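Visitor: Mind looking over this structure? Questions follow.
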Amino acid sequence: MHVFLSFLAGVVSFYSFQYFPFSAASVSLGYGAYLTARKKFLPAIMLCAGVLYAFLRYAPAADIVLQDSRLHVQGVVTSFPAETGTGGFRQNLVIRSAVDPATGAHVESLAGREVVLFSDSELELAREYAVSAEFLTGRERYNPGQQPGKDIYAKLLEVTHAGGESLSFASVIEGYRHRISSHIAENSKDDSAALVASVTTGQRSLMSDEMRDAFNTTGLAHILSISGTHFGLFSVFLFGISSLLINALPHRILQRITVYLAPSQAAAAACLPVMLAYLCLSGASIPAIRAFIMISLFLTGLIIGRKGFWLNSLLFAAFLLVVWDPEVLFSLSFQLSFLAVLCIGFSLEEKEKSEEKEKTYLHRVKKGLLISLYASLGTAPLVAYWFHYFSVISPVSNLLVAPIIGFVLIPASVAGAFLFLMTGHFVFTPVASAVADISIASVKLLSGVPFASITVPHFPPAVLLLFYAALLLCLVSVKKKYLLVIPFIPLAGYLILSGLAKNELRVAFLDVGQGDSSVVELPDGKTMVIDTGRTGWETSYYLHYRGKRTIDYLVLTHVHPDHIGGLDRVVRKFSVGEIWDNGRMVLPETMHHIVHRPLGRGDTIEGQGYRISVLHPYDGFYTFGSRVDVGENNDSLVLRLEGRKKSFLFTGDIEEEALQDIACLGKWAKSTVIKIPHHGGRTSAHQAFVGMVSPEFAVISVGRENPFGHPHQETLDSLRTISVYRTDADGFVQFEERERGLEIRTYEAFRLTGARSLREEMQNYRRLFR
């Protein structure tokens, strides 16, 4: 155990060194000295090996610099087409070479990289193509809690040549998975097909947002990702069936087998190839590989007549995965998977020490409930940190629904999939569909229970680290169960302090690319969202990050999709109290149940500690000119939000005529912070208008490498005397009103940065407590 643990500690130490060099070096040297003093030389060597191995494997992703986004690319398709929902397809293409057509130069940084290719037509798996593609840059989003994606995206413009097939084992397996997923999708109802495909092939693209939310609420999200639950339950089922079949063999054959193997050993040997086939079929995700390694070790132990310790098996599985890819240690799926098994393992170990001989049904139910409770509580803080909810009903739903899926749906669907590949007939389709329907109905029923889950606002990383440090110490060394409350003390303390904190006016300008979205938290506890961006995804994520379930005021400045394209998603995800607009918009019928409040100049909304004034438009205002888009921009709803001492001006996309009209308001438009209209375009902020508003700070919501050249240099020149924040350069920007003035934070304040001095390391420690 210490050997594997030391190697993992070495890998963690190497990656920690980037942010906490002095602490990581001190802890590693101290641990190494301790092992040496105790004459544990092999673990000490493995600690050094872990550091060295991580160093040798460390390869930071090279920045891709493109002089021209349109390139000629040659590569091999590695996935089947998946529908995007907009009539197109997406597939993965491994690039062998990329050439800039303007200069003829090779783009070496793209060679060997995988790109997500969007197209209007399907490409064949494992075939080599030469294509012309436009690379979609500037898609990263820098908001708190979000990790910038590493994927590369491109749009297919033209296929210039289609070569021969480049078959591999992976492409053959992918072909089998696609056949099964397609058959399931064509022969089952939508929700049933989504669940059956997710537990059989790991295909989750068929899953609706509503169904995914229901599984999250009930704490059954792990069912949707093939992991230890699936492999564990399927292996138990498979071992039982194999034992029955072996014992049912004719006596003469059974006698010959038992000369070499006991029936249980023969059953274990029969399970191994089937479990390997299921691993391939599932797509070999990290949790699936971990589960396969552990179960394989257990089955191998049965075959050779030795039972290994579960903790050694778990650490060995982690060791193999980290050898394969050291960065897997920081994968969320890896962390959740191993934490769940760790907590279950310790709970079962403690249970076996004090377990009574009774084997009543009630006793088994109690044991199952405790296992579910330990797994839920052990992973709950990590789930709450990343997904911002805590499932209260999780132990009950896992006890009631998980066995149905594990002992009936998974065996039926996996067995049916293998038979389908061999015979062309999915014989268990009726059974799998019926059980999937029952499971989905149960999940939706449980998710509708009041307070089935609790929304959890984001909390500092330090609280999470303290929780798991205390939990591991308790699991390893504590004998008294009641001391397991110790890890929850940091969480409880933080929640109490957060509850006692005074609400302040907080305005967050989100990085939504070339679009607009702001979230305002008012002093009376209400939430106002101004525009949703193009997709609504960033807005929804930030609201979850802040622990919000309700939007009291949803403000739509004007009709353009870069401002309200995400309206549908936001309305589906959150309870909306009122929708405010400029009175010139028509809402879809699906939103007629929400209070609709058209606003115009002169309207005011007041609350405790704030006042919202509408400055534009008004009934008599119309844009002169023939361009519809300019008129719609000038019709933008303009709001001025006044706090205790500071004020904010939200300007939508107003252009010259609206700017001149608002300039007539004089002192009524003066504000501390201005959101520059129209993403900083040429017509967005004249010197006279900026002078009239006389802001101290300006925010420009603009996309990286946007095709419009925003923000325009003339606009930046007009803002040269004030502090300017840009979402393309600074990412997320937040203003919070305090007694001493405005506290300003950008995305940089929410993430760790490389440290080369003790001062920089201390700054990272401060970030852990924010």
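If you read the sequence shown in the working numbering, its first letter stands for residue 251, the second for the next number, and so on. Even for Gly, the Cβ is constructed at its ideal location relative to N, Cα and C. Fair warning: this is a prediction, and the values are worked out from it, not measured in the lab.
Where are the beta strand (DSSP E) runs, 3 residues long or more, that stay fully inside the stretch 335-381, in chain order?
Guide: Runs found: 339-349 and 364-369.
Visitor: Would you kindly work out how many angstroms separate the C-alpha atoms of R321 and V366, rounded to a whole number?
Guide: According to the sequence provided, residue 321 is Leu. The question's Arg does not apply to it. Those two C-alpha atoms are separated by around 14 Å.
Visitor: Look at the alpha carbon of Y528 and the alpha carbon of T789, and state the distance between them as a whole number of angstroms.
Guide: Taking the straight line from one Cα to the other gives about 38 Å.
Visitor: What's the C-alpha gap between G202 and A520?
Guide: Shown here, the chain extends from 251 to 1020; a query on residue 202 therefore has no answer.
Visitor: To the nearest angstrom, how far is it from the Cα of G875 to the Cα of G797?
Guide: Spanning the two alpha carbons is a distance of roughly 45 Å.
Visitor: Please state whether DSSP places G743 in a helix, a strand or coil.
Guide: G743: helix per DSSP, three-state reduction.
Visitor: Quick one: which unbroken alpha helix (DSSP H) runs of 4-plus residues sit fully inside the stretch 938-994? Chain order, please.
Guide: Listed in chain order, they are 963-968 and 977-980.
Visitor: Across which residues does DSSP place G857 in a beta bridge pair?
Guide: Per DSSP, Y860.
Visitor: Grab me the residues of A517's own chain with a C-beta within less than 6 Å of its C-beta, minus the 5 sequence neighbours each way, in chain order.
Guide: For A517, where only same-chain residues beyond five positions count, the Cβ hits under 6 Å are F489, S492, S493 and I496.
Visitor: CB-CB under 8 Å to L750, same chain, minus the five flanking residues each way: which ones, in chain order?
Guide: If we look at L750 and ignore the five residues flanking it on each side, it has no Cβ neighbours.
Visitor: Which residue comes first and which comes last in the beta strand (DSSP E) that contains Q324?
Guide: Residues R320 to V327.
Visitor: Consult DSSP for H219 and reduce its assignment to one of helix, strand or coil.
Guide: The first residue shown for the chain is 251 and the last is 1020, placing residue 219 beyond what the model contains.
Visitor: Please specify which runs of the beta strand (DSSP E), each continuous and at least 3 residues long, are wholly inside the stretch 825-913, giving them in chain order.
Guide: Complete beta strand (DSSP E) runs here, min 3: 825-831, 845-848, 854-857, 860-866, 888-892 and 897-900.
Visitor: Would DSSP call S768 helix, strand or coil?
Guide: Note: S768 maps to strand in three-state DSSP.
Visitor: Once you ignore the five residues that flank Q453 on each side, which residues in its own chain have a CB closer than 6 Å to its CB?
Guide: Correct list, in chain order: S431 and A447.
Visitor: Where does I554 land, buried or exposed, given buried means 16+ other C-beta within 10 angstroms?
Guide: Per the 10 Å Cβ criterion, exposed.
Visitor: Look at the alpha carbon of H808 and the alpha carbon of Y792, and state the distance between them as a whole number of angstroms.
Guide: Between H808 and Y792, the C-alpha separation is close to 22 Å.
Visitor: Who are the Cβ neighbours of S767 in its own chain at under 6 Å, not counting the five residues just before and after it?
Guide: Result list for S767: L760, D781, T782, G783 and T789, in chain order.
Visitor: Ignore the nearest five residues each way along the sequence and tell me which others in F580's own chain have a CB closer than 8 Å to its CB.
Guide: Excluding sequence neighbours, F580 sits near Y265.
Visitor: Return the first residue and the last residue of the beta strand (DSSP E) that Y639 is part of.
Guide: Taken as a continuous stretch (DSSP letters only), the beta strand (DSSP E) holding Y639 covers Y639 to S641.
Visitor: Taking a contact to mean a Cβ-Cβ separation below 9 Å, would you say Y392 touches G413 in this structure?
Guide: No, the Cβ-Cβ distance between Y392 and G413 is not below 9 Å.
Visitor: Counting along the chain, where does the beta strand (DSSP E) carrying L804 start and finish?
Guide: Counting along the chain, the beta strand (DSSP E) containing L804 begins and ends at T800 to V805.
Visitor: Using the Cα positions of L526 and Y639, report the straight-line distance between them to the nearest angstrom.
Guide: Distance between the alpha carbons of L526 and Y639: 34 Å.
Visitor: What residue from Q858, T854, G859 and Y860 has the CA that sits closest to H866's CA?
Guide: Out of Q858, T854, G859 and Y860, T854 has the C-alpha closest to the C-alpha of H866.
Visitor: Quick check on E754: does DSSP put it in helix, strand or coil?
Guide: It is coil, neither helix nor strand.
Visitor: From V262 to K896, what does the alpha carbon distance come to, in whole angstroms?
Guide: Approximately 45 Å between the Cα atoms of the pair.
Visitor: What is the rounded straight-line gap between the Cα of K400 and the Cα of P310?
Guide: Rounded to the nearest angstrom, the two C-alpha atoms are 11 Å apart.
Visitor: Taking 8 Å as the cut-off, does the stretch 912-920 touch the stretch 951-970 (at least 3 CB pairs, one atom from each stretch)?
Guide: They do not touch, by the three-pair rule.
Visitor: Return the bridge partner residues of F385 from the DSSP annotation.
Guide: According to DSSP, F385 bridges with A404.
Visitor: Given that a residue counts as buried once 16 or more other Cβ atoms are within 10 Å of its Cβ, and exposed if not, what is W830?
Guide: Buried, because 16 or more other Cβ atoms sit within 10 Å of the Cβ of W830.
Visitor: Let's test the definition: count the other Cβ atoms within 10 Å of the Cβ of M544 and tell me whether it reaches 16, buried, or not, exposed.
Guide: Classification for M544: buried.
Visitor: State buried or exposed for G1004, treating a residue as buried only when at least 16 other CB atoms are found within 10 Å of its CB.
Guide: The residue in question, G1004, is exposed, as its Cβ has fewer than 16 Cβ neighbours within 10 Å.
Visitor: If we define contact as Cβ-Cβ less than 9 Å, is L302 a contact residue for chain B?
Guide: Of the protein chains in this structure there is only one, and it is not chain B.
Visitor: I think A948 touches I972, with their Cβ atoms under 8 Å apart; what is that distance to the nearest whole Å?
Guide: That pair is a contact at about 6 Å.
Visitor: First and last residue of the beta strand (DSSP E) that includes S703?
Guide: Note, S703: beta strand (DSSP E), S703 to T705.
Visitor: Short of 7 Å in beta carbon distance, which residues of its chain neighbour S477, apart from the five on each side in sequence? Order them along the chain.
Guide: Only P537, A538, A541 and S587 meet the Cβ criterion.
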